[in-house]
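Read through the structure below, which is laid out as structure tokens, and then see the notes.
Protein chains: 2
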Amino acid sequence: MILNVEENNYEINIKNNNDIELRDYILENKNRKFAIISDENVYFIYRNKLNNLLREVDSYIFTFPQGENSKSFKIYEEILKFLSDNDFSRGDAIISFGGGVTGDISGYVASTYLRGIDLISVPTTLLSMIDSSVGGKNGINFNGLKNQIGSFYFPSYVHIDYDFLKTLDKRNINNGLAEIFKYSVLEDKNLYLYLKENKELDYEQIIKKSLEIKLKYVRGDEKDKGKRQYLNLGHTIAHGIEGLSNYSINHGEAVGIGTIYMARASYKMGLAKEPFYLDLIDSYKKYNLPISYEFCTKDILEIIKHDKKIKDNKINIILPTEIGSCTNKLVSFEELEKIINLGKEI
Amino acid sequence: MILNVEENNYEINIKNNNDIELRDYILENKNRKFAIISDENVYFIYRNKLNNLLREVDSYIFTFPQGENSKSFKIYEEILKFLSDNDFSRGDAIISFGGGVTGDISGYVASTYLRGIDLISVPTTLLSMIDSSVGGKNGINFNGLKNQIGSFYFPSYVHIDYDFLKTLDKRNINNGLAEIFKYSVLEDKNLYLYLKENKELDYEQIIKKSLEIKLKYVRGDEKDKGKRQYLNLGHTIAHGIEGLSNYSINHGEAVGIGTIYMARASYKMGLAKEPFYLDLIDSYKKYNLPISYEFCTKDILEIIKHDKKIKDNKINIILPTEIGSCTNKLVSFEELEKIINLGKEI
Chain V
-14 MILNVEENNY
-4 EINIKNNNDI
6 ELRDYILENK
16 NRKFAIISDE
26 NVYFIYRNKL
36 NNLLREVDSY
46 IFTFPQGENS
56 KSFKIYEEIL
66 KFLSDNDFSR
76 GDAIISFGGG
86 VTGDISGYVA
96 STYLRGIDLI
106 SVPTTLLSMI
116 DSSVGGKNGI
126 NFNGLKNQIG
136 SFYFPSYVHI
146 DYDFLKTLDK
156 RNINNGLAEI
166 FKYSVLEDKN
176 LYLYLKENKE
186 LDYEQIIKKS
196 LEIKLKYVRG
206 DEKDKGKRQY
216 LNLGHTIAHG
226 IEGLSNYSIN
236 HGEAVGIGTI
246 YMARASYKMG
256 LAKEPFYLDL
266 IDSYKKYNLP
276 ISYEFCTKDI
286 LEIIKHDKKI
296 KDNKINIILP
306 TEIGSCTNKL
316 VSFEELEKII
326 NLGKEI
Chain G
-14 MILNVEENNY
-4 EINIKNNNDI
6 ELRDYILENK
16 NRKFAIISDE
26 NVYFIYRNKL
36 NNLLREVDSY
46 IFTFPQGENS
56 KSFKIYEEIL
66 KFLSDNDFSR
76 GDAIISFGGG
86 VTGDISGYVA
96 STYLRGIDLI
106 SVPTTLLSMI
116 DSSVGGKNGI
126 NFNGLKNQIG
136 SFYFPSYVHI
146 DYDFLKTLDK
156 RNINNGLAEI
166 FKYSVLEDKN
176 LYLYLKENKE
186 LDYEQIIKKS
196 LEIKLKYVRG
206 DEKDKGKRQY
216 LNLGHTIAHG
226 IEGLSNYSIN
236 HGEAVGIGTI
246 YMARASYKMG
256 LAKEPFYLDL
266 IDSYKKYNLP
276 ISYEFCTKDI
286 LEIIKHDKKI
296 KDNKINIILP
306 TEIGSCTNKL
316 VSFEELEKII
326 NLGKEI
């Protein structure tokens, strides 16, 4: 199926086993050069598929070591040099082929090389399919902080082929499901109940549902100054947990923990009438998602101080009031400290 | 006087001796931090003025060595680190205080730090007042090529105080006038005749005229895909000349030479009915602007190959048909080589 993101002028194509339409898209502009950006592991798994997709096309492959550490200034500069050395011009294009790390760094490169060249996004993980491939945010980590440098830049085409998911291990799939749980807590109780059943999942449907929820919040607030911040449910703490764990807790897992903490705090603050966070914990356990992380609140606050959404020393916190509905609260760091402490188990 | 750039949501304030309104603008958001980015020479000249403008304001100064070589990856990264180390958040702001180099690098930093923070532009040279402070382009040089990395990003306020011009030497003033000559050839014969008189110049008027012409071309084509390319008159060759001369020929001078070459080629191609390029040469000489530069066409083409506007191996060339009017021509490199050779004297 096709989701049309008219306001940012691109299409998202969601389908299984869909090399043929990606190949068609590439051939539509056969005169261009393509730079495929991917991590070494993903490239190794899919090198034959890529060769086939790019046969008789003027293409160049850049790979980097897998992992969050590659979202660095060094790799950013290396890719720019690779494009420049190969005489890439504005009519040429980048294909981001991989997960969130690949998408983040490719997007930042695409938005700044020659002040912007075409970006085709081919997400290969569940998390990147339902989150980072949509919404235009990109970035690299800097000075020990996540996504400190980057831009807002939209792809010209997003190709989601959930056949890629069959090479992902369970933990990686669950990483994506944790973000989908977040969408469900934010907006869609039916989606939550469906996930909670933990049966064979219809990926086409849950990807579509997730992207529709995400697009609803991004639309009209691309630059993240208003309603888009609701998507940040669980994320304020999550970024801290990822950092403190030195990325041994992955993004989805951290967002899952963050969402539970916010739901628990919300109940204790009287914003949520029911202790539905207990139900959330049950659901997350079914997918082997961690439900807590030991940290010292002061350490987390030290990281949150660098959150991009801070304005006048205040930060907007999203608190769920029930499954499918949230509220927001602009709080000082002192208030945030209290909320985080309420969110912790006892 | 105020020029309101509604479509990009900012004002340009043009006035002489106008510290007071800059101070007012800064104080409007007194809670924020300000990072002043400037080169060492400009900072040395204006440190007292800056201290006065920023008294009782939480401000931080970053200076770098004057000159085109500072538009580098290294300085870009240093400024980002400076902001991060000083805990700059999204509500804080950058003040770009200087000429084109300062504006270009400050704009790129502002657009990518935390995915974008406020940029206040205070141009201190004639060229930056009438060109680079408006239109949203920024960038750094990379891999030996000019402005290869950058973005489109608009300031929140542009403060043009032409009192700054009194500390500029003649060559620097003429650098700006060469770009104003370009505007006049593009669009405004009266402006051309006024400049040609070479009397005491009314800066408020010529800055306003120049910006109005620039805005006319930028409006609706911010991303430089159509009519904005007309502003590139003289620039295709100019970027090459700047590079070949190792920046001993400055930007305005190179644009002046480029404009003469295009006017001469246009006459020889029969596009211009009159040899008005001879009149141009006379006018430029009055301002001690160079009217030619010795180069081998192959060397220039080698640099032009990296021009950001190339698409499908073709480039759009702007050719003046008379003073105040131009046409464009999409040409291959072979055609461009011929045009450049026609543009050379004899």
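Protein chains in written order, with my numbering: chain V, -14 to 331; chain G, -14 to 331.
For each residue, glycine too, the CB sits at the ideal point set by N, CA and C.
Give every residue of the same chain whose Cβ lies closer than 8 Å to the Cβ of residue i, excluding the five residues on either side of it in the sequence, and list them in chain order.
i: residue 71/G; result: 18, 20, 45
i: residue 330/G; result: 249, 277
i: residue 237/V; result: 112, 159, 160, 161, 162, 163, 164, 274
i: residue -4/V; result: -13, -12, -11, -10, 142, 143
Which term fits residue i, buried or exposed, when burial requires 16 or more other beta carbons within 10 angstroms of its beta carbon?
i: residue -14/G; result: exposed
i: residue 281/V; result: exposed
i: residue 293/V; result: buried
i: residue 152/G; result: exposed
i: residue 122/G; result: buried
i: residue 178/G; result: exposed
i: residue 11/V; result: buried
i: residue 235/G; result: buried
i: residue 310/V; result: exposed
i: residue 233/G; result: exposed
i: residue 156/V; result: exposed
i: residue 48/V; result: buried
i: residue 106/V; result: buried
i: residue 104/G; result: buried
i: residue 100/V; result: buried
i: residue 23/G; result: buried
i: residue 29/G; result: exposed
i: residue 50/G; result: exposed
So, are the CB atoms of residue i and residue j less than 8 Å apart?
i: residue 192/V; j: residue 115/V; result: yes
i: residue 226/G; j: residue 325/G; result: no
i: residue 174/G; j: residue 308/G; result: yes
i: residue 200/V; j: residue 170/V; result: no
i: residue 96/G; j: residue 31/G; result: no
i: residue 268/G; j: residue 181/G; result: yes
i: residue 87/G; j: residue 149/G; result: no
i: residue 244/G; j: residue 229/G; result: no
i: residue 75/V; j: residue 0/G; result: no
i: residue 42/V; j: residue 66/V; result: no
i: residue 183/G; j: residue 271/G; result: yes
i: residue 286/V; j: residue 263/V; result: no
i: residue 119/G; j: residue 82/G; result: no
i: residue 327/V; j: residue 210/V; result: no
i: residue 58/V; j: residue 98/V; result: no
i: residue 128/G; j: residue 69/V; result: yes
Quick check: does the Cβ of residue i come within less than 7 Å of any heavy atom belonging to the ligand SAM?
i: residue 134/V; result: This structure lacks the ligand SAM, and indeed carries no ligand of any kind.
Excluding the 5 residues preceding and the 5 following residue i in the sequence, name in chain order all residues of the same chain whose CB lies nearer than 7 Å to its CB.
i: residue 240/V; result: 163, 164, 167, 219, 220, 223
i: residue 38/V; result: 4, 7, 8, 11
i: residue 212/V; result: 202, 206
i: residue -8/V; result: 204
i: residue 54/V; result: none
i: residue 299/G; result: 315, 316, 317
i: residue 195/G; result: 115, 165, 168
For residue i, which option in the options has the closest C-alpha, if you only look at C-alpha atoms?
i: residue 255/V; options: 73/V, 244/V, 306/V, -12/V; result: 306/V
i: residue 93/V; options: 247/V, 60/V, 206/V, 315/V; result: 60/V
i: residue 89/G; options: 126/G, 103/G, 111/G, 77/G; result: 126/G
i: residue 146/V; options: 135/V, 291/V, 190/V, 184/V; result: 190/V
i: residue 132/V; options: 124/V, 139/V, 247/V; result: 124/V
i: residue 208/G; options: 119/V, 50/V, 245/V, 102/V; result: 102/V
i: residue 214/V; options: 284/V, 262/V, -2/V, 301/V; result: 301/V
i: residue 85/V; options: 52/V, 253/V, 64/V, 100/V; result: 52/V
i: residue 117/V; options: 216/V, 279/V, 258/V; result: 216/V
i: residue 257/V; options: 231/V, 312/V, 291/V, 288/V; result: 312/V
i: residue 288/V; options: 246/V, -2/V, 231/V; result: 231/V
i: residue 62/V; options: 185/G, 260/G, 135/G, 259/G; result: 135/G
i: residue 13/V; options: 188/V, 56/V, 78/V, 33/V; result: 78/V
Going along the chain, which residues of its own chain have a beta-carbon closer than 6 Å to the beta-carbon of residue i, five neighbours each way excluded?
i: residue 198/V; result: 168, 172
i: residue 2/V; result: 148
i: residue 251/V; result: 257, 304, 305
By the criterion of Cβ-Cβ separation under 7 Å, what are the contact partners of residue i in chain B?
i: residue 62/V; result: The question asks about chain B, but that chain is absent: this structure's protein chains are V and G.
Inset, instruction - May I have a chain-ordered list of the alpha helix (DSSP H) segments no shorter than 4 residues that lie completely inside the stretch 221 to 308 of chain V? - result: As far as the stretch 221 to 308 of chain V is concerned, its whole alpha helix (DSSP H) runs of at least 4 residues are 236 to 253, 262 to 271, 282 to 289.
Legend entry - Complete runs of the beta strand (DSSP E) confined to the stretch 32 to 101 of chain G [at least 3 residues]: 43 to 49, 78 to 83, all fully within the stretch 32 to 101 of chain G.
Legend entry - Start-end ranges of the beta strand (DSSP E) lying completely within the stretch 113 to 181 of chain V, minimum 3 residues: Runs found: 125 to 127, 130 to 134, 142 to 146.
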